[in-house]
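Novice: There's a structure below that I have some questions on.
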Amino acid sequence: MRDKAEVIYITNESSLGDFGMDGMNFGSKDGVVPSQMFTESLFQERGVKAILAAHVERVDPGVVHYELLDGTKGEQSFDFAMLLPPFRGVDLKAFDAEGTDITDEVFAPSGFMKVDADYSPKPYEQWEASDWPKTYQSVKYDNVWAAGIAFAPPHQMSRPQQSPNGTMIAPAPPRTGMPSGVIGRAVAKTIAERIKHGGAGKVHTASMAEMGAACIASAGTGWRDGKAAAMTVFPIIPDKQKYGQSGRDTKETYGEIGLSAHWMKVMLHHLFIYKAKARPFWYLIPE
Ligand SMILES: Cc1cc2nc3c(=O)[nH]c(=O)nc-3n(C[C@H](O)[C@H](O)[C@H](O)COP(=O)(O)OP(=O)(O)OC[C@H]3O[C@@H](n4cnc5c(N)ncnc54)[C@H](O)[C@@H]3O)c2cc1C
Numbered sequence: 040m041r042d043k044a045e046v047i048y049i050t051n052e053s054s055l056g057d058f059g060m061d062g063m064n065f066g067s068k069d070g071v072v073p074s075q076m077f078t079e080s081l082f083q084e085r086g087v088k089a090i091l092a093a094h095v096e097r098v099d100p101g102v103v104h105y106e107l108l109d110g111t112k113g114e115q116s117f118d119f120a121m122l123l124p125p126f127r128g129v130d131l132k133a134f135d136a137e138g139t140d141i142t143d144e145v146f147a148p149s150g151f152m153k154v155d156a157d158y159s160p161k162p163y164e165q166w167e168a169s170d171w172p173k174t175y176q177s178v179k180y181d182n183v184w185a186a187g188i189a190f191a192p193p194h195q196m197s198r199p200q201q202s203p204n205g206t207m208i209a210p211a212p213p214r215t216g217m218p219s220g221v222i223g224r225a226v227a228k229t230i231a232e233r234i235k236h237g238g239a240g241k242v243h244t245a246s247m248a249e250m251g252a253a254c255i256a257s258a259g260t261g262w263r264d265g266k267a268a269a270m271t272v273f274p275i276i277p278d279k280q281k282y283g284q285s286g287r288d289t290k291e292t293y294g295e296i297g298l299s300a301h302w303m304k305v306m307l308h309h310l311f312i313y314k315a316k317a318r319p320f321w322y323l324i325p326e
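Pasting the structure below:
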């Protein structure tokens with residue numbers, strides 16, 4: 040199939056390998072490899088074209104219309120397309136006991152719940168790792184938490200960009216399965232403590248600024264010819280004060296592609312399904 044189809048990747052990322060995380064610097068024995076170089080070479084090898092820094096305005100049958108960062112408009116025809124919807128919450132409404140609409144106090148405009156993050160608007164240069172939440176407790180209620188994907192991030196991780204027409208073109212900060220699971224565990228433990236010991240219960244924390252994440256993206260199937268790109272990042276939120284301009288620990292941040300990552304992906308697939316079914320000793324399997 041692959042040799043019969045032209046594959047085009049359209050993204051609001053300003054460069055390949057940005058991943059909505061402001062890019063990464065992978066440490067290796069030969070030095071530091073930027074995730075841009077890593078991803079560009081993968082796209083090059085596989086003949087995948089990319090349309091970068093693009094805001095999709097509209098999708099008509101067989102054609103997608105987009106605006107680029109320089110304000111120019113373009114369109115791309117297609118036979119088959121998949122489009123990820125804008126990353127936002129489920130737009131729940133909140134009312135207090137008197138029936139007053141308090142949605143703005145409980146949720147951010149993105150629809151995600153406001154928690155213990157620093158939401159004060161500030162430019163990219165002033166973003167800090169400490170802006171990110173630790174306990175995920177609602178700003179409004181002390182018995183409500185927003186774990187995983189549900190919490191409102193304080194800001195993006197990648198530098199936000201705007202076209203001359205005023206269109207924001209910036210990828211949303213990703214919150215993948217691993218941090219979502221770790222955050223969910225911390226919140227569940229906090230709730231258990233609260234039930235057992237009331238207000239004196241221990242509050243568990245899981246800041247994405249102090250946590251790493253791993254991702255394995257399949258790039259081919261088969262026990263002998265399979266391939267996957269394995270990436271780890273530490274910390275998820277760049278911390279320039281601690282790790283310098285790259286914001287991350289290059290010993291703990293690396294990316295590699297090969298057959299072993301494919302095996303790892305297959306193994307994790309079975310382990311996570313085992314865990315989801317809560318089979319014996321499921322809790323020994325990490326997030
Ligand atoms: C296409 C895609 C591919 C991905 N691939 C990967 C990957 O390879 N690796 C990885 O680590 N992560 C991946 N992710 C991200 C990962 O799936 C999410 O980070 C993770 O599922 C978030 O977990 P969560 O529990 O916070 O939210 P969710 O898994 O979204 O769970 C939220 C739940 O709440 C329910 N819900 C919503 N509204 C209500 C309501 N009003 N009442 C009751 N229930 C409600 C929803 O039905 C849902 O079951 C991917 C995500 C997508 C979309």
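Residue numbers (the numbering used here): 40 to 326. Each residue gets a CB set at the ideal place from its N, CA and C atoms; glycine is no exception. Fair warning: this is a prediction, and the values are worked out from it, not measured in the lab.
#1: Less than 7 Å between the C-beta atoms of I90 and I49, yes or no?
#2: Could you check the C-alpha separation between I208 and A93 for me, to the nearest Å?
#3: Should I312 be labelled buried (16 or more other beta-carbon atoms within 10 Å of its own) or exposed?
#4: Can you grab the Cα-Cα spacing for the pair K179 / A239, in whole Å?
#5: If you follow the alpha helix (DSSP H) that L298 is in, where does it begin and where does it stop?
#6: Check the C-beta distance from M250 over to P218 and give it rounded, since I have them as a contact under 8 Å.
#7: Quick check: P210 and G59, are their CB atoms within less than 7 Å of each other?
#8: Quick check on E164 - is its C-beta less than 7 Å from some C-beta in chain C?
#9: Can you tell which of I230, F134, P213, V221 has its C-alpha closest to the C-alpha of V183?
#10: Quick check: the stretch 184-194 against the stretch 142-157, are there 3 or more CB pairs under 8 Å?
#11: Rounded to the nearest angstrom, what separates P160 and D42 at their Cα positions?
#12: Just to confirm my understanding: we take V87, look at its own chain, exclude 5 residues before and 5 after, and list those with CB closer than 7 Å. What are they?
#13: For A147, which residues of its own chain have a beta-carbon under 6 Å away from its beta-carbon, when the five flanking residues on both sides are left out?
#14: In the DSSP assignment, find the beta strand (DSSP E) that holds Q83 and state where it starts and stops.
#15: Using beta-carbon positions only, say whether I222 and A245 come within less than 7 Å of one another.
#16: Is it the case that the CB of I230 approaches a heavy atom of ligand 1 more closely than 6 Å?
#17: Tell me whether V221, by its Cβ, gets closer than 6 Å to a heavy atom of ligand 1.
#18: With 16 as the cutoff for other CB atoms within 10 Å, does G286 come out buried or exposed?
#19: Whole angstroms is fine: what's the gap from P319's alpha carbon to I296's?
#20: Is the CB-CB distance between K290 and G66 below 7 Å?
#21: Between the Cα of L310 and those of L323, W171, Y282, spot the shortest distance and give me the residue it belongs to.
#22: Taking the alpha carbon of H301 as the point to measure from, which residue in K132, G283, D278, R263 has its own alpha carbon closest?
#23: Please state whether DSSP places V71 in a helix, a strand or coil.
#24: Return the residue from the list G128, P125, M303, V95 that minimises the CA-CA distance to K112.
#25: To the nearest angstrom, report how far apart N204 and S74 are at their CA atoms.
#26: With a threshold of 6 Å (Cβ to nearest heavy atom), would I188 be considered close to ligand 1?
#27: Three-state secondary structure (DSSP) at Q271?
#28: Quick one: what's got a C-beta closer than 6 Å to D130's C-beta in the same chain, skipping five residues either side?
#29: For V145, which residues in the same chain have their Cβ closer than 6 Å to its Cβ, ignoring the five residues on either side in sequence?
#30: How big is the Cα-Cα spacing for A136 and D143?
Specialist: For this structure:
#1: Counting from one through the sequence shown, the residue named residue 90 turns up at place 51. Counting from one through the sequence shown, the residue named residue 49 turns up at place 10. For I90 and I49, yes; Cβs fall inside 7 Å.
#2: Within the sequence shown, residue 208 is the residue found at index 169, counting from 1. Within the sequence shown, residue 93 is the residue found at index 54, counting from 1. Rounded to the nearest angstrom, the two C-alpha atoms are 7 Å apart.
#3: Here residue 312 is taken as the residue at index 273 of the sequence shown, counted from 1. It is exposed - the Cβ of I312 has fewer than 16 other Cβ atoms within 10 Å.
#4: Locating residue 179 in the sequence shown gives position 140, counting from the first residue. Locating residue 239 in the sequence shown gives position 200, counting from the first residue. Their backbone Cα atoms lie some 20 Å apart in a straight line.
#5: Taking the first residue of the sequence shown as 1, we reach residue 298 at position 259. 298-315 is the extent of the alpha helix (DSSP H) around L298.
#6: By one-based count along the sequence shown, residue 250 stands at place 211. By one-based count along the sequence shown, residue 218 stands at place 179. M250 to P218, Cβ: 6 Å. Contact.
#7: Position 171 of the sequence shown, counting from 1, holds the residue named residue 210. Position 20 of the sequence shown, counting from 1, holds the residue named residue 59. Yes, they are a contact pair.
#8: Chain labels in this structure do not include chain C; a single protein chain is all it has.
#9: The residue given as residue 183 occupies position 144 in the sequence shown. Comparing Cα-Cα distances from V183 to each of I230, F134, P213, V221, the minimum goes to I230.
#10: yes
#11: By 1-based counting over the sequence shown, the position of residue 160 is 121. By 1-based counting over the sequence shown, the position of residue 42 is 3. So the alpha carbons of these two residues sit roughly 47 Å apart.
#12: As a working mapping, residue 87 is identified with position 48 in the sequence shown. These residues qualify, in order along the chain: V46, Y48.
#13: Taking the sequence shown and counting its residues from 1, the one referred to as residue 147 is at position 108. Only K153, A191 meet the Cβ criterion.
#14: As a working note, residue 83 is residue 44 in the sequence shown. Per DSSP, Q83 belongs to no beta strand (DSSP E); it is in the alpha helix (DSSP H), 74-85.
#15: As a working mapping, residue 222 is identified with position 183 in the sequence shown. As a working mapping, residue 245 is identified with position 206 in the sequence shown. Their beta carbons are under 7 Å apart, which means I222 touches A245 by this criterion.
#16: Position 191 of the sequence shown, counted from the first residue, corresponds to residue 230. Because no heavy atom of ligand 1 lies under 6 Å away, the Cβ of I230 does not count as near it: no.
#17: For the purposes of this step, residue 221 is taken as the residue at position 182 of the sequence shown. Checking every heavy atom of ligand 1 against the Cβ of V221, none is found closer than 6 Å.
#18: Taking the sequence shown and counting its residues from 1, one reaches residue 286 at position 247. The residue is buried, with at least 16 neighbouring Cβ atoms inside 10 Å.
#19: Translated into the one-based positions of the sequence shown, residue 319 becomes position 280. Translated into the one-based positions of the sequence shown, residue 296 becomes position 257. The alpha-carbon atoms of P319 and I296 are separated by roughly 33 Å.
#20: Position 251 of the sequence shown, counted from the start, is the residue given in the question as residue 290. Position 27 of the sequence shown, counted from the start, is the residue given in the question as residue 66. The answer is yes: Cβ separation under 7 Å.
#21: Against the sequence shown, residue 310 aligns to sequence position 271. The shortest C-alpha separation from L310 is found at L323.
#22: Taking the first residue of the sequence shown as position 1, residue 301 is located at position 262. Looking at the Cα atoms, R263 is the closest of the given residues.
#23: Looking up residue 71 in the sequence shown gives position 32. V71 falls in the strand class under three-state DSSP.
#24: Residue mapping note: residue 112 aligns to position 73 of the sequence shown, counting from 1. Closest option to K112, Cα to Cα, is V95.
#25: On the sequence shown, residue 204 is found 165 positions in, with the first residue counted as 1. On the sequence shown, residue 74 is found 35 positions in, with the first residue counted as 1. Each residue's alpha carbon lies about 30 Å from the other.
#26: Within the sequence shown, numbered from 1, the residue matching residue 188 stands at position 149. Yes, ligand 1 has a heavy atom inside 6 Å of this Cβ.
#27: Mapped onto the sequence shown, residue 271 falls at position 232. Note that residue 271 is Thr in the sequence shown here, rather than Gln. Here T271 sits in strand by DSSP.
#28: Here residue 130 is taken as the residue at index 91 of the sequence shown, counted from 1. The answer, listed in chain order, is G150.
#29: As a position in the sequence shown, residue 145 is number 106, starting the count at 1. Hits under 6 Å: A133, K179.
#30: As a position in the sequence shown, residue 136 is number 97, starting the count at 1. As a position in the sequence shown, residue 143 is number 104, starting the count at 1. Rounded to the nearest angstrom, the two C-alpha atoms are 16 Å apart.
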